[in-house]
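One structure is given below, encoded as structure tokens.
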Ligand code: NAI
Ligand code: 15L
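In the working numbering, the protein residues as written are 672 to 941.
Now the structure itself:
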């Protein structure tokens with residue numbers, strides 16, 4: 672917090688601001704800082720009150736360094752969000768993450784909230800409950816790129832003291848799309864709660880937390896991340912009947928039903 676601002680992080684950077692989660696968070700985050708700098712490859716529209724619009728491809732190092740100038744904290748959502756050919760993933764998610772952390776180091780950014788993914792551990796089974804202290808089991812190149820981002824965050828904390836909360840987001844959409852998402856779903860309101868908790872928790876160091884609502888059956892135990900203070904208030908339960916009607920039976924031999932990563936475990940080859 673500065674002498675002239677009431678916000679802990681006066682200037683926030685939101686990458687991936689033109690995407691699904693970026694569009695949901697943008698109006699919510701403008702209220703929580705003096706200036707919200709929004710960035711993406713896609714159409715960001717005009718800058719609203721308290722906003723700066725700075726388009727940038729994440730793989731463009733000079734552009735990303737510029738993006739970090741004067742930034743106190745980052746919500747890093749930008750990048751490829753599904754399983755895709757490795758060469759594309761490398762540019763956006765691996766080189767892009769390096770550029771972001773290096774820019775943060777150069778410009779003194781203090782905290783990063785990194786949109787990781789449940790696909791970092793997608794090859795655990797749906798009949799087991801895991802927590803973030805267990806070894807990663809990525810379910811594709813996308814999951815591997817998120818595991819790289821988490822390791823990069825760990826390194827930038829250990830060496831440079833830049834704090835990160837890695838959000839292993841489950842499925843954040845307006846509603847669960849299938850029966851798997853009854854376990855993995857996170858509402859946009861809970862996403863906002865999770866991001867706000869990740870920014871405002873006094874000491875996070877390097878932390879990893881699964882992003883899900885208060886769903887009745889879940890595969891992830893967030894006990895190791897209690898210090899973040901995330902309290903989900905929504906649940907997938909009201910969507911259960913519709914999801915079961917859409918998908919009345921499950922093929923228990925289908926890898927998408929066996930593993931937590933769902934369809935991602937069998938995506939490709941490209
Ligand atoms: P999205 O695909 O709608 O948004 C990602 C944004 O990143 C897009 O607007 C895209 O233009 C931008 N982008 C892609 N490549 C870029 C590049 N090279 N340079 C600059 N910008 C680039 O994805 P969504 O759903 O909004 O997810 C946001 C973040 O959260 C992603 O990192 C995703 O991997 C992660 N996540 C999302 C989940 C969800 O359920 N929505 C679940 C788990 C993780
Ligand atoms: C993700 O990481 C993806 O970004 C998102 O599109 C969803 O498919 C989600 O995981 C999921 O696992 O449902």
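Glycine residues also receive a C-beta, built at the ideal position from the N, C-alpha and C atoms.
Where the alpha helix (DSSP H) containing residue i begins and where it ends
i	result
residue 814	812 to 831
residue 710	First-last for residue 710: 706 to 710, but that is the beta strand (DSSP E), not the alpha helix (DSSP H).
residue 691	691 to 701
residue 911	911 to 917
residue 737	732 to 738
residue 857	Segment: none, residue 857 is in no alpha helix (DSSP H) and carries neither H nor E.
Close-in-space but distant-in-sequence residues of the same chain around residue i (CB under 7 Å, 5 per side omitted)
i	result
residue 727	710, 734, 735 and 738
residue 866	696, 746 and 784
residue 750	687, 729, 763, 764 and 767
residue 937	926 and 927
residue 790	809, 810, 811, 813, 814, 817, 932 and 935
residue 863	696 and 699
residue 918	849 and 850
Residues bridged to residue i [DSSP beta-bridge criterion]
i	result
residue 669	No information on residue 669 is available, as it lies outside the stretch 672 to 941 that the chain covers here.
residue 786	838
residue 637	Past the boundaries of the shown model lies residue 637; the chain is included only from 672 to 941, so the question cannot be answered.
residue 744	683 and 782
residue 796	930
Exposed unless 16 or more other CB atoms sit within 10 angstroms - verdict on residue i
i	result
residue 941	exposed
residue 719	exposed
residue 886	buried
residue 792	buried
residue 826	exposed
residue 784	buried
residue 904	exposed
residue 820	buried
residue 920	exposed
residue 682	buried
residue 823	buried
residue 930	buried
residue 923	exposed
residue 708	buried
Sequence-distant residues of its chain with Cβ nearer than 8 Å to residue i (five each side left out)
i	result
residue 770	729, 730, 731, 732, 735 and 736
residue 748	685, 686, 687, 688, 690, 692, 693, 696 and 786
residue 860	904 and 905
residue 714	689
Residue i - containing beta strand (DSSP E), residue span
i	result
residue 753	No beta strand (DSSP E) holds residue 753; DSSP gives it neither H nor E.
residue 722	722 to 724
residue 686	682 to 686
Own chain partners of residue i with C-beta closer than 6 Å, once the 5 adjacent residues on each side are dropped
i	result
residue 857	841, 843, 882, 883 and 884
residue 875	834 and 836
residue 702	none
residue 633	The structure shown has nothing for residue 633, since the chain only spans 672 to 941.
Contact set, the ligand NAI heavy atom to C-beta under 5 Å: Taken from the N-terminal end onward, the list reads 687, 689, 690, 691, 692, 711, 712, 713, 728, 729, 748, 749, 750, 752, 763, 786, 788, 840, 842 and 843.
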